Structure formats: C-alpha cells, structure tokens
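What follows is a set of notes on a single structure, which appears directly below.
Numbering (full-length UniProt numbering), first residue to last: 1 to 376.
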C-alpha cells in the first residue's frame with residue numbers, strides 16, 4: 001500500500017480512545033489546578049497532562065489537515081472558529097466580574113487575552129482573566145507557524161523522513177531550551193526575550209511530536225497493530241503514572257514525558273485491545289473538554305471569592321472545608337461546561353462553518369453567472 005493511500009485510509013478513522021483520553025486529561029488538569037489553589041500542588045505532576053493535550057492537538061490536526069494539501073485560509077478560519085469564541089466569551093464575562101466584584105480592570109491584560117497575544121513574551125502575564133487559558137494563545141500561534149511551514153514545505157505532508165527531520169529538529173531545539181531553563185515542563189511564565197515565552201516553546205515542541213506520531217501511525221499503524229498487545233499498553237500507562245505521581249515535581253525528570261507521551265498517543269490510536277478501547281467510555285468528557293478546561297479555573301476562583309465573602313475560613317488550611325469547596329466547584333464546572341459546550345461552543349462553531357459554506361456557495365454561483373454572461 002502506498003504512503004498516500006495509507007494516509008488517506010487513516011484519515012477515515014475516528015479516534016474514540018484518544019477523545020476519551022482527552023476527557024480524562026481534562027479531569028486530571030482540573031484536579032491538579034484545584035490542588036494548586038488549595039496549596040497542595042506538590043502532590044503530583046498534573047501539568048504533564050497539558051503536554052499530552054498539546055501533543056494530541058498535533059496528532060489530530062495532522063489527521064485532519066496536514067496529510068493533504070493545506071488550504072491556509074480554511075485552516076486559519078477553522079482554528080479561529082474553534083478556539084476564539086468560547087475563550088472570548090469567558091474573558092468578557094471575567095472582565096465584567098473583575099470590575100463588579102473586585103473593582104479591578106487591567107486593559108493591557110484584557111486586550112492581550114482577547115487578541116490571543118498573552119504568554120508570547122510581549123508583556124507581563126498576570127494571573128488574571130482566566131490564567132489556565134494561556135494554552136489557547138500559544139496553541140493558536142503554534143498552529144499558525146506550522147500551517148505556514150507545511151505550505152512552504154509541502155513534502156512534509158507525506159514524507160516521514162522530511163516531517164521527522166524538520167519537526168524532530170524543532171522539537172529537539174524546544175526541549176533543549178526548556179531543559180536548560182527552566183529545567184522542567186511546568187513552563188508558563190518564563191520569558192526568553194520579546195516574543196518568545198517558555199509556554200510557546202513548550203507547545204511548539206509537543207505539537208511537533210504529535211505531528212511525527214501521526215505520520216508514523218498513518219504509514220505503519222496497520223503493520224504495527226498486531227504487536228501492540230495489552231502488556232505494551234500497561235507498561236506505557238505505568239510509565240506515565242510514575243511520572244505524574246513522582247513526589248518530586250518540576251525537575252528534569254519531567255523530560256521523560258517526551259518519550260512516554262508520544263508512545264501513549266500512538267498506542268491508543270493504533271492498538272486494538274480492551275485497554276486501548278477503554279478510554280472511549282469517557283467520550284462525554286472528551287466532548288466537553290475544551291469548555292471544561294476554559295471554565296474550571298474561573299469557577300474555582302469564584303467559589304473561593306464567594307466563600308471568603310460569606311465568612312468561610314478558606315485560608316486556614318482546613319482540609320474538610322477545602323475538600324467541600326473543591327467538590328462543589330468540580331460539580332459546577334462539569335455542569336457549566338456541559339451547558340457551555342451545548343449552547344454556545346458547538347452552535348457557534350457550526351454556525352461559523354455553515355455561514356462560510358453558504359458564502360462560498362454564493363461566490364461560486366456569482367462566478368458561474370458571470371461566466372455564462374461572458375459566454376453569451
């Protein structure tokens with residue numbers, strides 16, 4: 001089977017297990033951030049899951065766009081439609097909330113969040129207006145960099161050698177930079193200079209690894225599938241858990257994740273075992289994962305704010321109080337993400353796609369009528 005044919009065949013598959021893992025990852029990130037807010041952020045390295053998100057994004061976008069001729073305009077429009085409306089809605093609501101409840105407003109930070117220019121090294125990245133949304137900005141601009149690269153080097157679409165070489169060199173440079181400073185993967189606020197933030201470097205490296213994994217999957221997934229037994233998945237899963245549950249966080253041991261995470265993505269995409277199919281049970285959380293990721297931090301912040309105003313001693317380290325607040329915020333986050341995804345995220349994305357399709361149809365009809373007149 002040719003490389004092109006195998007790539008086309010792989011694009012016809014739906015990755016329920018990866019969607020389920022996306023949902024599981026969102027839940028882990030929520031728990032990790034709740035631990036950070038409660039002052040117990042050293043319990044496990046949940047930030048490694050963010051790198052899985054970014055790597056999975058590279059895999060999925062390669063599957064959807066980068067294995068065929070890239071339409072830059074379409075890609076950019078779809079990424080804006082997918083990432084910006086929900087993000088912008090939450091930032092606007094938070095801007096209003098900060099003014100009403102805290103009497104604060106930072107126009108520079110608000111504008112940077114709205115234009116997705118935060119966490120790029122262009123200004124102070126204060127933890128306000130949804131701190132967890134830093135990934136939206138860096139992922140969007142990494143997407144723009146990579147679509148431009150694929151347009152300049154179209155040979156990367158089908159050649160594992162070219163993609164592995166170019167993306168491998170980029171990923172190696174990114175992780176070498178992070179290894180030197182800050183020396184771990186929980187890199188968000190560190191700036192190397194104007195226009196270069198550690199969060200962007202981290203995202204670029206993970207995204208490139210995801211692109212490589214997808215190309216390997218597209219070309220060799222069918223042949224390697226019989227070799228991917230249950231024990232292989234167990235070993236990979238234990239490896240990941242050992243990295244995450246390591247009590248010593250934010251060390252250079254984090255960089256073992258750049259081995260474990262690509263193996264995880266490949267295994268759950270290509271294998272056909274009960275273990276590889278198990279995450280599909282979490283498809284619901286995969287469906288709401290983007291909304292959940294965007295909404296959970298503001299809800300947690302709001303829960304603490306309301307508790308303090310109600311006179312609840314949230315800063316005394318009482319684990320019973322903190323646990324009850326975390327459970328409340330978790331349940332509200334799940335409910336809020338469900339409503340947000342169903343009534344705003346999905347309809348907005350669908351409306352944008354339909355409106356653009358209708359506009360293209362009208363333009364085609366206008367062009368056709370012009371052609372008929374010319375022929376007459």
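Even glycine gets a Cβ: it sits at the ideal position worked out from N, Cα and C. Keep in mind the model is a prediction, meaning the values are calculated, not measured.
What do you get for residue i, buried or exposed, if any count of 16 or more other CB atoms within 10 angstroms of its CB means buried?
i           : result
residue 73  : exposed
residue 200 : buried
residue 350 : exposed
residue 115 : exposed
residue 228 : buried
residue 19  : buried
residue 274 : exposed
residue 290 : buried
residue 4   : Its pLDDT being 42, under 50, residue 4 is placed unreliably in this model, and the coordinates cannot settle the point.
residue 276 : buried
residue 214 : buried
residue 130 : buried
residue 63  : buried
residue 112 : buried
residue 267 : buried
residue 152 : exposed
residue 315 : exposed
residue 83  : buried
residue 355 : exposed
residue 121 : buried
residue 146 : buried
residue 287 : buried
residue 375 : The predicted model places residue 375 with a pLDDT of 39, which falls under 50 and marks its position as unreliable; any figure quoted below should be read in that light. Classification of residue 375: exposed, given that the 10 Å Cβ count is below 16.
residue 323 : exposed
residue 264 : buried
residue 285 : buried
residue 325 : buried
So what does residue i bridge to, in DSSP terms?
i           : result
residue 193 : 196
Whose C-beta lies closer than 7 angstroms to the C-beta of residue i among residues of the same chain, with five residues either side of it excluded?
i           : result
residue 377 : Residue 377 lies beyond the range of the chain shown here (1 to 376); nothing can be said about it.
residue 65  : 75
residue 258 : 175, 209
residue 25  : 49, 52, 53
residue 372 : Annotation note: pLDDT 43 at residue 372 (below 50); position unreliable, no value reported.
For the alpha helix (DSSP H) that residue i lies in, which residues bound it at each end?
i           : result
residue 141 : 134-152
residue 274 : 274-277
residue 330 : 319-340
residue 268 : 257-270
residue 172 : 160-180
residue 51  : 48-61
residue 67  : Neither: residue 67 is in no alpha helix (DSSP H) and is coded neither H nor E.
residue 239 : 230-244
residue 379 : A question about residue 379 goes unanswered here, because the residues of the chain that appear run from 1 up to 376.
residue 113 : 107-114
Less than 8 angstroms between C-beta atoms, sequence neighbours within five positions excluded: which residues of the same chain meet that for residue i?
i           : result
residue 261 : 48, 51, 52, 55, 206, 209, 240
residue 251 : 183, 184
residue 353 : 78, 81
Between the options, which lies nearest to residue i when the distance is taken from Cα to Cα?
i           : options            : result
residue 157 : 279, 20, 17, 212   : 212
residue 89  : 256, 78, 340       : 340
residue 71  : 130, 154, 83       : 154
residue 230 : 278, 151, 255      : 278
residue 36  : 147, 249, 170      : 249
residue 149 : 265, 17, 167, 292  : 167
residue 160 : 218, 118, 190      : 218
residue 256 : 45, 223, 109       : 45
residue 304 : 170, 348, 16, 330  : 330
residue 336 : 299, 307, 308, 177 : 299
residue 140 : 58, 25, 34         : 58
residue 128 : 193, 145, 320, 104 : 104
residue 23  : 327, 282, 193, 326 : 282
residue 272 : 146, 233, 195, 318 : 233
residue 343 : 118, 286, 85, 110  : 85
residue 97  : 193, 16, 33, 301   : 301
residue 309 : 27, 102, 61        : 102
residue 162 : 21, 15, 67         : 67
residue 60  : 297, 196, 17, 100  : 17
Any heavy atom of the ligand ADP inside 7 angstroms of the beta-carbon of residue i?
i          : result
residue 59 : Inclusion of the ligand ADP in the displayed structure is not the case, the ligand content being empty and no account of it being possible.
Who are the near neighbours of residue i in its chain, counting only those whose CB is closer than 6 angstroms to its CB and skipping five residues on each side?
i           : result
residue 143 : 79
residue 220 : none
residue 226 : none
residue 1   : Reliability of the predicted coordinates at residue 1 is poor, the pLDDT of 41 falling under 50, and the value obtained from them is presented with this limitation in mind. Same-chain partners within the cutoff: there are none.
Does any residue of chain B bring its CB to less than 8 angstroms from the CB of residue i?
i           : result
residue 260 : In the displayed structure, chain B is absent; only one protein chain is listed.
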